[in-house]
Amino acid sequence: MFALFAGSFILACGPKNTDEKQAVDQRSGRMIEDYGSWISTISAEDVYGPSDRIGVLQSVDEALYFSLSDSENEGKVGIKRLALKGELTEAVSAQFDVKTRVHEYGGAPLLGIGNSLFAVKRDDQRLYRFAPNQEPVALTPNGTRHADCVSYPKGSRLVCVREDHRQPGTPTSSLVSLNLNFKNEGQTLFSGQDFYASPRVSPDNSQLAWISWQHPNMPWDITQLWVADLTPAGDVGEPKQLLAGHSGSITQPLYSPSGELYFIADFDNWWNIYRITAEGTLEKVLQESAEFAVPDWMMGNHNYAFESEDTIIASYKSKGKTELVRIDLDSGLVSTIAAEFADVRQVIKGSDGVYFVGNKATPEKGIYRVKGRGVELVYAPQLPVVDPNYIARAQTISFTSAKCDTPVHGYYYGPRNPNYLSPSDQRPPLLLMMHGGPTASASLSFRRDIQFWTSRGFAVLDLNYRGSSGFGRDYRRSLYGLWGQADVEDAVQAANYLVERGWVDGKKLAIRGSSAGGFTVLSALAFYDTFSAGVVYSGISDLDSLDKLTHKFEQGYLDQLVGDLKPGSSVYRDRSPLYHLEQLTEPLLLIRGLDDPIVPPDQSLSIFYTLKSRGVPSALLSYEDEGHGLQKPANQIAALEAELSFYGQVFGFKPAGNIQTLTLDNSEHLPVMDPQVR
4 MFALFAGSFI LACGPKNTDE KQAVDQRSGR MIEDYGSWIS TISAEDVYGP
54 SDRIGVLQSV DEALYFSLSD SENEGKVGIK RLALKGELTE AVSAQFDVKT
104 RVHEYGGAPL LGIGNSLFAV KRDDQRLYRF APNQEPVALT PNGTRHADCV
154 SYPKGSRLVC VREDHRQPGT PTSSLVSLNL NFKNEGQTLF SGQDFYASPR
204 VSPDNSQLAW ISWQHPNMPW DITQLWVADL TPAGDVGEPK QLLAGHSGSI
254 TQPLYSPSGE LYFIADFDNW WNIYRITAEG TLEKVLQESA EFAVPDWMMG
304 NHNYAFESED TIIASYKSKG KTELVRIDLD SGLVSTIAAE FADVRQVIKG
354 SDGVYFVGNK ATPEKGIYRV KGRGVELVYA PQLPVVDPNY IARAQTISFT
404 SAKCDTPVHG YYYGPRNPNY LSPSDQRPPL LLMMHGGPTA SASLSFRRDI
454 QFWTSRGFAV LDLNYRGSSG FGRDYRRSLY GLWGQADVED AVQAANYLVE
504 RGWVDGKKLA IRGSSAGGFT VLSALAFYDT FSAGVVYSGI SDLDSLDKLT
554 HKFEQGYLDQ LVGDLKPGSS VYRDRSPLYH LEQLTEPLLL IRGLDDPIVP
604 PDQSLSIFYT LKSRGVPSAL LSYEDEGHGL QKPANQIAAL EAELSFYGQV
654 FGFKPAGNIQ TLTLDNSEHL PVMDPQVR
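My numbering runs 3 ahead of the 1-based position in the sequence shown.
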């Protein structure tokens, strides 16, 4: 870690003197301390230290392969092999660092075929072949990126999504065929569309299906489904677009064991499962007010798999809750397999059943196998144990947005610590969390960062503002044209909702977010006076700059989020917090990576210097070798502890523990909320 910072760090004074007398509640025996100052067993190292992120999951013969980040190796990603008998071995070292940057966000960087494994290396973006007792061999040329590969026929070739960066200007996308017998340029199968995704080959190798889309659409807006015939020699016929008369987001094509083509689409508002029969007719497998898919920010999403010719195992979300179900294709009967998971992803068919990656509202997570009417855990990463007495459980809330009748959703976590109570006249400070995207979502999955805060005496609200996924197409698109307005209104309304109910202290309201969520944070602070402080990670602040500098995948996104503007329109400037800093008066902590390709680092610097010159309490933390969001555990830990120090100074409490204390510029202008602290 190498952190550059404006202002300075000083060592904290450490924990309070244990010889000091503390007030104790006579009935419970718990200590009475201000919110925020509670001693917690959940440290910043517990939040970001463990290697607990399972990425892509694939089945190859009698084994499972999955990517896993390694916190002891700066968060680099390796590949593990899990034999069906339970033996875990390393297939690719984390030092190789598996990561594709197709569409910048990547996804699906690996494929296994027999004894060979194919994976993309982060540094050079080339696709490598790993074979037993051999050094990895690069198959693809420099300047190209590959993802979401499938094999045909009989494993002699790959079909991959390629993004070609070898020429100046905007990269080109295509589907390519790679001959696995030697290093080669590859043969372009299809090109001309702005984006390609999800190539899938039928079981008999007779047909190829894939998805494409064009600017200004994102893959969750409008996409096209295509097929082409394959010959035994691997040649490809003319492409044919299916469902040309239907408009919507089509995703996750998948062939049944008998060769019928299935996919997920939101033609009727919800991402439901469809199929095209042997006669060529379109059929909806079932009609549910639920989401069987997620936005394809990354490639390789799998929310369903065939257990047999007649049954599908699928996961869906409805009203913020997740279920894993079995769908009987003959009867249409849907039966619940598991409802205890907060998130289910990477649903795949293995040699002995269907597997998936599951997260719960409790710390348990891992790879599971569907077993009869239930599931069994087959792999769990080694994680620090969390005392269940410290775990805050979410309460689902909904409220009506101030300027429309749309219900807005969120998950509220109250403070929880078995050793502490607060003074009876206090309410907890609020941390309002704004997810990124903005087409992402908050979920009920156990998050150590949330528990880090609640176990210290914070209340946390994880908000699914308008535009979030998981609530249907209409809700997802309700932010279109209103980004920087509707999301901010929802954040303000959410905070007021909690204050009115007496759940939080109305004078201690903090809002935090990264990327698009950071844009909402800055907008809320610049255009409203609701919040007392803000923390921004890699936050967007200038829409015009974002429009000019963003990468290809999101080049048309602002046309949807803000609107396809007429020449000379002032909307970008009107909604950009960077141009309204004179209205921002509350303390702000900015955290950035110096190699950020999305948000130029000088934007955060400009915000910091402007606020500093105006006397606003503020600080800027900068990290070398970090991009759009911090990835290295050491940097994540340092930033989280700095954030805790920031809130302590702003809200007037002394954080417990021997952490570094962030010195804010203009700290003398902080409101004095507790004279005993300052």
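No residue lacks a Cβ here, since even glycine has one placed at the ideal position from N, Cα and C.
This one's a predicted model, so the numbers in the text were calculated from it and none came from an experiment.
Just verifying my parser: in three-state terms, what is the DSSP assignment at R30?
On the sequence shown, position 27 is the one that residue 30 refers to. Residue state, collapsed to three classes: coil.
With distance defined between alpha-carbon atoms, name the residue in T365, R469, P384 nearest to K402.
In the sequence shown, the residue the question calls residue 402 occupies position 399. The question names Lys, yet the displayed sequence has Phe at residue 402. That would be R469, whose Cα lies nearest to the Cα of F402.
Please report the distance separating the alpha-carbon of G413 from that of N467.
Working through the sequence shown from its first residue, we reach residue 413 at position 410. Working through the sequence shown from its first residue, we reach residue 467 at position 464. Cα to Cα, G413 sits roughly 5 angstroms from N467.
Count the other CB atoms, across all protein chains shown, that sit within 10 Å of the CB of Q385; report buried if there are 16 or more and exposed otherwise.
Mapped onto the sequence shown, residue 385 falls at position 382. Classification of Q385: exposed, given that the 10 Å Cβ count is below 16.
Taking 8 angstroms as the cut-off, does the segment 259-272 touch the segment 181-196 (at least 3 CB pairs, one atom from each stretch)?
No, the segment 181-196 is not in contact with the segment 259-272.
Tell me whether D668 is buried or exposed, calling it buried when 16 or more other Cβ atoms sit within 10 Å of its Cβ.
Translated into positions along the sequence shown, residue 668 becomes position 665. Counting Cβ neighbours within 10 Å, D668 comes out buried, since at least 16 surround it.
For the alpha helix (DSSP H) that contains S572, what are its first and last residues?
Position 569 of the sequence shown, counting from 1, holds the residue named residue 572. Element bounds for S572: n/a, residue is neither H nor E.
Residues in its own chain within less than 7 angstroms of D197 by CB, not counting five upstream and five downstream?
Walking along the sequence shown from the start, residue 197 turns up at place 194. Cβ within range, chain order: S176, W216, Q217, H218.
Within the continuous beta strand (DSSP E) that includes Q663, where are the two ends?
One-based indexing of the sequence shown puts residue 663 at position 660. From DSSP, the beta strand (DSSP E) with Q663 extends over 663-666.
Report the rounded CA-to-CA distance for I662 versus E644, giving the unit in angstroms.
Position 659 of the sequence shown holds residue 662. Position 641 of the sequence shown holds residue 644. Taking the straight line joining both Cα atoms gives about 7 angstroms.
Does DSSP classify A725 as helix, strand or coil?
Summary: the structure shown does not reach residue 725, with the chain confined to residues 4 through 681, and so no result is reported for it.
Which residue from F266, A489, V239 puts its Cα closest to that of S252?
As a first step, residue 252 must be located in the sequence shown, where it is residue number 249. Ranking F266, A489, V239 by Cα distance to S252 puts F266 first.
Which residue comes first and which comes last in the beta strand (DSSP E) that contains E589?
Your numbering for residue 589 matches position 586 in the sequence shown. It is not in any beta strand (DSSP E) - E589 carries neither H nor E in the DSSP assignment.
Which of the three DSSP states is assigned to F193 in this structure?
If you number the sequence shown from 1, residue 193 lands on position 190. Correct three-state label for F193: strand.
Which word fits Q335, buried or exposed, when buried means at least 16 other C-beta atoms lie within 10 angstroms of its C-beta?
Translated into positions along the sequence shown, residue 335 becomes position 332. According to the sequence shown, residue 335 is Gly rather than Gln. With fewer than 16 other Cβ atoms within 10 Å, it is exposed.
Check whether the Cβ atoms of I514 and A527 lie closer than 8 angstroms to each other.
Position 511 of the sequence shown holds residue 514. Position 524 of the sequence shown holds residue 527. In contact: I514 and A527 (Cβ atoms closer than 8 angstroms).
Give a yes or no on whether the C-beta atoms belonging to S579 and D547 are separated by under 8 angstroms.
Start at 1 with the first residue of the sequence shown, and residue 579 comes out as number 576. Start at 1 with the first residue of the sequence shown, and residue 547 comes out as number 544. Against a cut-off of 8 angstroms, the Cβ pair of D547 and S579 comes out as a contact.
Reducing DSSP to helix, strand and coil, say where Q639 ends up.
Counted from its first residue, the sequence shown places residue 639 at position 636. The answer is helix: DSSP assigns Q639 an H, G or I state.
What does the alpha-carbon distance come out to for the pair I57 and H149?
On the sequence shown, position 54 is the one that residue 57 refers to. On the sequence shown, position 146 is the one that residue 149 refers to. Between I57 and H149, the C-alpha separation is close to 20 angstroms.
Between the beta-carbon of V602 and the beta-carbon of H631, is there less than 8 angstroms?
Your numbering for residue 602 matches position 599 in the sequence shown. Your numbering for residue 631 matches position 628 in the sequence shown. Yes. Within cutoff.
Is the beta carbon of A622 closer than 8 angstroms to that of L665?
On the sequence shown, position 662 is the one that residue 665 refers to. On the sequence shown, position 619 is the one that residue 622 refers to. Yes, the Cβ-Cβ distance between L665 and A622 is below 8 angstroms.
Going by beta-carbon coordinates alone, are D390 and V50 separated by less than 8 angstroms?
The residue labelled residue 390 in the question sits at position 387 within the sequence shown. The residue labelled residue 50 in the question sits at position 47 within the sequence shown. No, the Cβ-Cβ distance between D390 and V50 is not below 8 angstroms.
What does the alpha-carbon distance come out to for the pair Q3 and S292?
This structure does not reach residue 3, given that the chain is present from 4 up to 681, and the question cannot be answered.
Would DSSP call P391 helix, strand or coil?
Taking the first residue of the sequence shown as 1, we reach residue 391 at position 388. P391 falls in the helix class under three-state DSSP.
So what's A342 in DSSP terms, helix, strand or just coil?
The residue given as residue 342 occupies position 339 in the sequence shown. Three-state DSSP puts A342 in coil, outside helix and strand.
Starting from the Cα of N118, find the closest Cα among G520, W229, V63 and give me that residue.
As a position in the sequence shown, residue 118 is number 115, starting the count at 1. Measuring from the Cα of N118, the nearest candidate turns out to be V63.
Would you kindly check if the distance between the Cβ of S444 and the Cβ of G682 is under 8 angstroms?
Absent from the structure is residue 682, since the part of the chain shown begins at 4 and ends at 681.
As an exercise, report each continuous beta strand (DSSP E) stretch of at least 3 residues that is fully enclosed by the segment 239-306, in chain order.
243-245, 253-258, 264-271, 273-279, 285-287, all fully within the segment 239-306.
Reducing DSSP to helix, strand and coil, say where Y68 ends up.
Here the question's residue 68 lines up with position 65 in the sequence shown. The answer is strand: DSSP assigns Y68 an E or B state.
Check the DSSP bridge columns for R165 and list the partner residues they point to.
Along the sequence shown, read from residue 1 onward, the residue named residue 165 stands at position 162. Paired residue(s): H149, S177.
Mind checking which residues open and close the beta strand (DSSP E) that includes W229?
The sequence position of residue 229 within the sequence shown is 226, counting from 1. Residues 227-232.
Looking only at its chain, what residues have a beta carbon closer than 7 angstroms to the beta carbon of Q679, apart from the 5 residues adjacent to it on each side?
The count along the sequence shown starts at 1 and reaches residue 679 at position 676. Note that Q679 scores 37 on pLDDT, short of 50, meaning its location in the model is unreliable and no value can be drawn from it.
Would you kindly report the start and end of the unbroken alpha helix (DSSP H) that includes L682?
Since the first residue shown for the chain is 4 and the last is 681, residue 682 is missing from the structure and cannot be characterised.
Residues in the same chain with beta-carbon distance under 6 angstroms from R125, minus the five sequence neighbours each way, listed in chain order, please.
Numbered from 1 along the sequence shown, position 122 holds the residue referred to as residue 125. Around R125: D100, K102.
Can E90 and G81 be called in contact, C-beta distance under 8 angstroms?
Taking the first residue of the sequence shown as 1, we reach residue 90 at position 87. Taking the first residue of the sequence shown as 1, we reach residue 81 at position 78. Cβ distance not < 8 angstroms, so E90 and G81 don't count as in contact.
Do the segment 600-618 and the segment 559-578 touch if we need at least three Cβ pairs shorter than 8 angstroms?
Result no; under three Cβ-Cβ pairs closer than 8 angstroms.
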